[in-house]
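Enquirer:
2 protein chains.
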Amino acid sequence: MDIAVAQSGGPTCAINSSLMGVFKQALKSAQIDKIYGSKNGIEGILNNELICLNTAISSEDDIRIIKQTPSSVLGSCRFKLPDFEIDSKPYEIVLKRFEEMGIGAFFYIGGNDSMDTVAKLSAYFKSVNADISVMGIPKTIDNDLCFTDHTPGFGSAAKFVATTIKEITRDNSVYFLDSVIIVEIMGRNAGWLAASSCVLHSDDEVSPHLIYLPECEFLVDEFINDLKDEIAKHKTVIVVVSEGISVGDTSSEKTDAFGHKDLAGVGKKLENIVKQRLGCKVRSIELNVLQRCSSHIASKNDIEEAEEIGAAAVISMLQGETGKMMCFKREADSPYKITIQSVDAASVANKEKLFPLEWINEKQNNVKNEAIIYFTPLISGEQEIEYKNGIPVHFKL
Amino acid sequence: MDIAVAQSGGPTCAINSSLMGVFKQALKSAQIDKIYGSKNGIEGILNNELICLNTAISSEDDIRIIKQTPSSVLGSCRFKLPDFEIDSKPYEIVLKRFEEMGIGAFFYIGGNDSMDTVAKLSAYFKSVNADISVMGIPKTIDNDLCFTDHTPGFGSAAKFVATTIKEITRDNSVYFLDSVIIVEIMGRNAGWLAASSCVLHSDDEVSPHLIYLPECEFLVDEFINDLKDEIAKHKTVIVVVSEGISVGDTSSEKTDAFGHKDLAGVGKKLENIVKQRLGCKVRSIELNVLQRCSSHIASKNDIEEAEEIGAAAVISMLQGETGKMMCFKREADSPYKITIQSVDAASVANKEKLFPLEWINEKQNNVKNEAIIYFTPLISGEQEIEYKNGIPVHFKL
Numbered sequence: 187m188d189i190a191v192a193q194s195g196g197p198t199c200a201i202n203s204s205l206m207g208v209f210k211q212a213l214k215s216a217q218i219d220k221i222y223g224s225k226n227g228i229e230g231i232l233n234n235e236l237i238c239l240n241t242a243i244s245s246e247d248d249i250r251i252i253k254q255t256p257s258s259v260l261g262s263c264r265f266k267l268p269d270f271e272i273d274s275k276p277y278e279i280v281l282k283r284f285e286e287m288g289i290g291a292f293f294y295i296g297g298n299d300s301m302d303t304v305a306k307l308s309a310y311f312k313s314v315n316a317d318i319s320v321m322g323i324p325k326t327i328d329n330d331l332c333f334t335d336h337t338p339g340f341g342s343a344a345k346f347v348a349t350t351i352k353e354i355t356r357d358n359s360v361y362f363l364d365s366v367i368i369v370e371i372m373g374r375n376a377g378w379l380a381a382s383s384c385v386l387h388s389d390d391e392v393s394p395h396l397i398y399l400p401e402c403e404f405l406v407d408e409f410i411n412d413l414k415d416e417i418a419k420h421k422t423v424i425v426v427v428s429e430g431i432s433v434g435d436t437s438s439e440k441t442d443a444f445g446h447k448d449l450a451g452v453g454k455k456l457e458n459i460v461k462q463r464l465g466c467k468v469r470s471i472e473l474n475v476l477q478r479c480s481s482h483i484a485s486k487n488d489i490e491e492a493e494e495i496g497a498a499a500v501i502s503m504l505q506g507e508t509g510k511m512m513c514f515k516r517e518a519d520s521p522y523k524i525t526i527q528s529v530d531a532a533s534v535a536n537k538e539k540l541f542p543l544e545w546i547n548e549k550q551n552n553v554k555n556e557a558i559i560y561f562t563p564l565i566s567g568e569q570e571i572e573y574k575n576g577i578p579v580h581f582k583l
Numbered sequence: 187m188d189i190a191v192a193q194s195g196g197p198t199c200a201i202n203s204s205l206m207g208v209f210k211q212a213l214k215s216a217q218i219d220k221i222y223g224s225k226n227g228i229e230g231i232l233n234n235e236l237i238c239l240n241t242a243i244s245s246e247d248d249i250r251i252i253k254q255t256p257s258s259v260l261g262s263c264r265f266k267l268p269d270f271e272i273d274s275k276p277y278e279i280v281l282k283r284f285e286e287m288g289i290g291a292f293f294y295i296g297g298n299d300s301m302d303t304v305a306k307l308s309a310y311f312k313s314v315n316a317d318i319s320v321m322g323i324p325k326t327i328d329n330d331l332c333f334t335d336h337t338p339g340f341g342s343a344a345k346f347v348a349t350t351i352k353e354i355t356r357d358n359s360v361y362f363l364d365s366v367i368i369v370e371i372m373g374r375n376a377g378w379l380a381a382s383s384c385v386l387h388s389d390d391e392v393s394p395h396l397i398y399l400p401e402c403e404f405l406v407d408e409f410i411n412d413l414k415d416e417i418a419k420h421k422t423v424i425v426v427v428s429e430g431i432s433v434g435d436t437s438s439e440k441t442d443a444f445g446h447k448d449l450a451g452v453g454k455k456l457e458n459i460v461k462q463r464l465g466c467k468v469r470s471i472e473l474n475v476l477q478r479c480s481s482h483i484a485s486k487n488d489i490e491e492a493e494e495i496g497a498a499a500v501i502s503m504l505q506g507e508t509g510k511m512m513c514f515k516r517e518a519d520s521p522y523k524i525t526i527q528s529v530d531a532a533s534v535a536n537k538e539k540l541f542p543l544e545w546i547n548e549k550q551n552n553v554k555n556e557a558i559i560y561f562t563p564l565i566s567g568e569q570e571i572e573y574k575n576g577i578p579v580h581f582k583l
């Protein structure tokens with residue numbers, strides 16, 4: 187049998203490692219012949235843009251460089267399948283293409299939107315008695331997928347965020363005057379990535395002094411009081427805010443194709459509030475897409491796990507599974523141990539897992555030690571990166 | 187004799203390596219006894235906050251970790267000495283402190299404002315026949331100091347900027363639609379750091395497709411036409427703009443203590459213009475202070491040279507020099523070779539060296555190959571960084 191694989195949703199530093207997990211495991215499997223990569227997610231199947239990866243990826247060197255390349259080498263999409271009872275057209279195109287090409291399994295690497303596609307597509311294939319497996323491989327820097335301990339891509343984003351906030355802390359410490367730095371962190375409605383900056387506390391850092399997550403109500407007066415307290419104690423204060431907190435004035439928020447709010451700009455809003463209310467030196471910093479593409483400081487643990495979960499999807503498919511998303515189960519924190527299992531993709535699709543309220547402190551302006559224990563293994567280890575002329579080498583298909 | 191050393195101006199990734207260059211060379215020199223670090227630049231001398239570095243830095247491990255710590259471990263200041271003919275008070279305090287403590291030489295690591303301090307202080311000491319040497323060691327990510335081929339700190343900033351723009355390029359390539367990314371780069375009135383992103387062109391990257399520098403007049407209509415051309419050719423376009431370009435609407439610009447304009451925000455202005463004029467997907471990214479503090483991806487060449495130029499300042503002082511700034515002279519591009527010389531600090535003070543007009547293309551929207559040859563050695567090599575719990579280790583005094 188031949189197989190197809192595609193990448194979807196927002197890029198991460200680990201999504202190409204999951205692709206390599208699928209690729210390498212498929213190469214090893216006697217039952218699998220050709221491995222096709224679909225360009226721009228499921229759109230590549232609809233538009234007949236499938237690349238034979240067996241020829242496109244020609245060496246161990248290629249695999250190594252693909253793993254250190256950020257973003258999706260196959261491209262991405264934000265295409266949402268309609269319900270097939272309402273509009274079966276795209277389903278029929280996919281089925282016809284797969285049958286014509288002898289593709290017996292499809293692997294989709296993505297977030298909760300992509301798991302919607304996995305669930306719908308596998309349900310459709312079952313409904314028409316087509317023997318094609320559809321498997322989901324999780325991916326998102328937001329770490330907000332249900333049923334998995336964490337998501338591939340998250341650990342590398344968290345490592346970049348924590349490292350950068352530590353560096354910003356040093357940078358901001360040079361002048362002896364009252365000052366506030368507000369760092370805005372991605373994560374949509376979930377505070378995981380913002381919260382993960384707490385790992386600095388395990389290593390003799392007071393910074394970040396304050397962490398605000400969308401799981402709690404954000405109150406501007408409390409925020410200003412918190413700042414006054416921290417300035418009195420430390421003079422220079424580093425604040426981490428999740429893009430998902432609500433600071434008011436949300437009337438002009440835009441939404442994307444999936445109805446997700448465009449949440450950018452909360453750091454700037456708070457900067458202006460602090461300037462007005464406290465009058466001290468204040469700067470907001472938006473780490474922007476760097477959070478999802480800074481592969482030069484990827485977490486080794488994340489990259490290795492991303493490859494393993496990709497490989498596990500192939501093994502599960504060969505054991506007869508379909509309509510599943512692979513997931514991590516944490517067996518132990520220290521020494522850290524995970525196992526890989528599978529769960530119905532339908533139960534993950536379009537849902538969010540929020541940061542646990544019991545890991546947030548009473549004042550709702552920081553997180554507890556339990557969070558540090560959870561996050562630390564996910565950011566551990568450094569990838570060896572190949573450079574040329576001083577710049578990391580990337581792979582382009 | 188004892189010596190004192192201080193750090194001034196905006197932080198870089200290499201300023202602590204220059205401090206270690208002074209420290210290690212002074213330890214080796216039989217003529218030098220104690221090495222004092224002045225906290226917060228020259229303010230530490232005025233306020234009697236001097237730390238004995240011989241005891242504060244106790245091992246080779248300390249030195250190694252200081253070199254991988256961004257920003258100034260001694261703190262910084264933006265204190266500007268008055269002319270001593272007008273107000274000799276601060277000069278008298280410094281002289282008295284140095285004479286009381288037996289300090290026979292002072293090393294100031296900083297930019298063109300700090301060289302003003304070096305020139306004034308050495309002139310004052312000469313005028314009162316005090317046998318105290320004052321030496322300047324260059325530092326700035328802006329690379330805008332006269333008489334030196336380049337400045338310590340610049341190479342690391344350039345390596346971070348180029349790496350990040352390459353990663354952003356991958357990130358932005360996943361969706362097949364017209365889009366513009368505008369990356370705003372530091373540099374004040376000089377385009378060096380923005381221009382340095384051209385190193386990507388030597389390695390099979392078309393990005394950055396457009397580079398705009400403050401050395402040329404910025405015309406919005408030309409910019410929009412350039413964008414249309416590049417979108418037609420490449421769909422996804424990466425634009426690098428120096429914070430120093432003038433987009434109009436400059437009435438509200440603030441100035442700092444030295445009269446420097448606050449230049450932030452040009453990327454956002456252009457984002458809004460592109461949104462209005464072209465209507466395509468557009469995002470502006472401000473790399474902010476990350477450009478000067480991302481030590482985890484420092485240039486090995488930069489860190490090594492920063493240490494060497496610090497050491498050279500000690501040697502020159504022992505040879506009887508004062509009122510000088512150490513500088514690099516490039517002997518060859520390939521294989522790259524520099525020598526270290528000295529120049530009157532007064533001739534560097536308060537001046538800027540701009541990016542050469544002859545290295546800018548005719549359309550003034552990119553740079554020529556000569557610039558790639560100049561920049562490439564400066565970003566070469568990677569530092570081995572020590573991590574603990576997944577995060578780089580920093581030194582705190």
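If you read the protein sequences in the order shown, they are chains E and P.
Sequential numbering from 187 applies to the first sequence in our numbering.
Sequential numbering from 187 applies to the second sequence in our numbering.
Glycine included, C-beta positions come from ideal geometry on N, C-alpha and C.
Checking 8 Å against the spacing of the C-beta atoms, do residue 260 (chain P) and residue 303 (chain P) come in under that value?
Expert: It is not a contact, given that the beta carbons lie outside the stated cut-off.
Enquirer: Can you find the residues in the same chain that come closer than 7 Å, C-beta to C-beta, to residue 459 (chain P), ignoring five residues on each side of it along the sequence?
Expert: These residues qualify, in order along the chain: 406.
Enquirer: If the cut is a Cβ gap below 7 Å, which residues of chain E does residue 339 (chain P) touch?
Expert: Within chain E, no residue comes near residue 339 (chain P); the closest Cβ sits about 12 Å away, beyond 7 Å.
Enquirer: Taking three-plus beta-carbon pairs below 8 Å as touching, is the region 568–575 of chain E in contact with the region 469–488 of chain E?
Expert: Segments in contact, yes.
Enquirer: Please report the straight-line C-alpha distance between residue 554 (chain E) and residue 548 (chain E), rounded to a whole angstrom.
Expert: Looking at the two C-alpha atoms, the distance is approximately 9 Å.
Enquirer: Give me the Cα-Cα distance between residue 282 (chain P) and residue 316 (chain P), rounded to the nearest whole angstrom.
Expert: Between residue 282 (chain P) and residue 316 (chain P), the C-alpha separation is close to 10 Å.
Enquirer: Looking at the structure shown, is residue 479 (chain P) part of a helix, part of a strand, or coil, going by DSSP?
Expert: Correct three-state label for residue 479 (chain P): helix.
Enquirer: Residues of chain E with CB closer than 7 Å to the CB of residue 580 (chain P), please, in chain order.
Expert: Chain E residues near residue 580 (chain P): 352, 356.
Enquirer: Taking Cβ positions only, does residue 298 (chain E) come closer than 8 Å to chain P?
Expert: Answer no: the Cβ-Cβ gap between residue 298 (chain E) and chain P never drops below 8 Å.
Enquirer: Within 10 angstroms of the Cβ of residue 521 (chain P), are there 16 or more other Cβ atoms? Answer buried if so, exposed if not.
Expert: Per the 10 Å Cβ criterion, exposed.
Enquirer: Determine the direct distance from the alpha carbon of residue 463 (chain P) to that of residue 350 (chain E), and round the result to whole angstroms.
Expert: Each residue's alpha carbon lies about 35 Å from the other.
Enquirer: Quick check: is the beta carbon of residue 482 (chain P) nearer than 8 Å to any beta carbon in chain E?
Expert: At least one chain E Cβ lies under 8 Å of residue 482 (chain P).
Enquirer: Could you tell me which whole alpha helix (DSSP H) segments of length 4 or greater appear in the region 337–418 of chain E?
Expert: Segments of the alpha helix (DSSP H) lying fully in the region 337–418 of chain E: 340–358, 378–381.
Enquirer: What residue range is occupied by the uninterrupted alpha helix (DSSP H) comprising residue 453 (chain P)?
Expert: Here the alpha helix (DSSP H) through residue 453 (chain P) covers 452–463.
Enquirer: Do residue 191 (chain P) and residue 213 (chain P) count as a contact pair if the criterion is CB distance below 8 Å?
Expert: Not a contact, by the Cβ cut-off of 8 Å.
Enquirer: To which residues of the same chain is residue 337 (chain E) closer than 7 Å at the C-beta, ignoring the five residues directly before and after it?
Expert: For residue 337 (chain E), where only same-chain residues beyond five positions count, the Cβ hits under 7 Å are 324, 325, 326, 329, 331.
Enquirer: Just to confirm my understanding: we take residue 373 (chain P), look at its own chain, exclude 5 residues before and 5 after, and list those with CB closer than 7 Å. What are they?
Expert: Same-chain partners within the cutoff: 328, 379, 380, 428, 429, 430.
Enquirer: Once DSSP output is grouped into helix, strand and coil, what is the label at residue 496 (chain E)?
Expert: The answer is helix: DSSP assigns residue 496 (chain E) an H, G or I state.
Enquirer: Just curious, the beta strand (DSSP E) that residue 469 (chain E) is in, first and last residue?
Expert: Note, residue 469 (chain E): beta strand (DSSP E), 467–472.
Enquirer: How long is the line joining the alpha carbons of residue 517 (chain P) and residue 523 (chain P), rounded to whole angstroms?
Expert: Going from the Cα of residue 517 (chain P) to the Cα of residue 523 (chain P) covers about 5 Å.
Enquirer: Comparing C-alpha positions only, which one of P:577, P:413, P:545 sits nearest to residue 465 (chain P)?
Expert: Checking every option, the nearest Cα to that of residue 465 (chain P) belongs to P:413.
Enquirer: I'd like to know if residue 262 (chain P) contacts chain E, where contact means its C-beta is closer than 8 Å to some C-beta of that chain.
Expert: Judged by the 8 Å Cβ criterion, residue 262 (chain P) is in contact with chain E.
Enquirer: For the region 497–506 of chain P against the region 384–404 of chain E, do three or more pairs of beta-carbon atoms, one drawn from each stretch, fall closer than 8 Å, so that the two count as touching?
Expert: Cβ pair count under 8 Å is below three, so no.
Enquirer: With a 10 Å radius around its C-beta and 16 neighbouring C-beta atoms as the bar for buried, classify residue 533 (chain E) as buried or exposed.
Expert: So residue 533 (chain E) ends up on the exposed side.
Enquirer: Give every residue of the same chain whose Cβ lies closer than 7 Å to the Cβ of residue 285 (chain E), excluding the five residues on either side of it in the sequence, and list them in chain order.
Expert: Taken in chain order, the list of residues that qualify is empty.
Enquirer: For residue 320 (chain E), which three-state DSSP category applies?
Expert: Three-state DSSP puts residue 320 (chain E) in a strand.
Enquirer: Does residue 457 (chain E) have its Cβ less than 8 Å from a Cβ in chain P?
Expert: No, residue 457 (chain E) lies away from the interface with chain P (no Cβ there is under 8 Å from its Cβ).
Enquirer: Compute the distance between the beta-carbons of residue 130 (chain E) and residue 472 (chain E), then report whether it is under 8 Å.
Expert: This structure gives no information on residue 130 (chain E), because the portion of chain E shown stretches from 187 to 583.
Enquirer: Give a yes or no on whether 8 Å exceeds the smallest Cβ distance from residue 348 (chain P) to chain E.
Expert: So yes, residue 348 (chain P) belongs to the interface.
Enquirer: Could you confirm whether any beta carbon from chain E is found closer than 8 Å to the beta carbon of residue 553 (chain P)?
Expert: It does not; no Cβ of chain E falls within 8 Å.
Enquirer: Run through the DSSP bridge pairs and tell me what residue 258 (chain E) is partnered with.
Expert: Partner(s): none; residue 258 (chain E) has no beta bridge.
Enquirer: Against chain E, with Cβ distances strictly below 8 Å, would residue 256 (chain P) count as a contact?
Expert: True, the Cβ-Cβ gap to chain E drops below 8 Å.
Enquirer: Between residue 525 (chain E) and the rest of its own chain, which residues show a CB-CB distance below 7 Å, the 5 nearest in sequence each way excluded?
Expert: Only 515, 517 meet the Cβ criterion.
Enquirer: Counting only Cβ pairs nearer than 7 Å, list the residues of chain E close to residue 362 (chain P).
Expert: Per Cβ cutoff of 7 Å: 226, 261.
Enquirer: For residue 586 (chain P), write down the residues that DSSP places opposite it in a beta bridge.
Expert: Outside the shown range of chain P, which is 187 to 583, sits residue 586 (chain P), and nothing can be said about it.
Enquirer: Determine the DSSP secondary structure at residue 269 (chain E), reduced to helix, strand or coil.
Expert: Correct three-state label for residue 269 (chain E): coil.
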